[in-house]
Amino acid sequence: MSILENKQRFCNRLKALREGKKLTVEELAQCSGVALTILEELEREVLPAEMMLHDAVLLAKAFDCKIYELFE
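See the structure below:
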């Protein structure tokens, strides 16, 4: 799987999880601690340069899943 495919899978999975929990992007930012600007870019399938591994950890915690599950 290419880097582009992994990025798309990650972004799509985040959006699906967010929508499944009926959260707005703003609510996800608030409950996860990930910056709203980062989440807005991910929603547009853009991987922000300022995103860190810690942000993925925070998102996994917010969705009560393992980090690798964000790529499924």
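Going by my numbering, the residue at position 44 of the sequence shown is 532; the numbering climbs one at a time, nothing skipped. Virtual Cβ for every residue (Gly too), placed ideally from N, Cα, C.
Just measuring C-alpha positions, the residue of 539, 519, 526 sitting nearest residue 551 is 519. The C-alpha of residue 532 is placed about 11 Å away from the C-alpha of residue 525. The shortest C-alpha to C-alpha distance from residue 522 to any of 534, 541, 504, 510 is the one to 541. By the neighbour-count criterion, in which a residue is buried when 16 or more other Cβ atoms sit within 10 angstroms of its Cβ, residue 502 is buried. Here the alpha carbon of residue 496 sits roughly 14 Å from the alpha carbon of residue 557.
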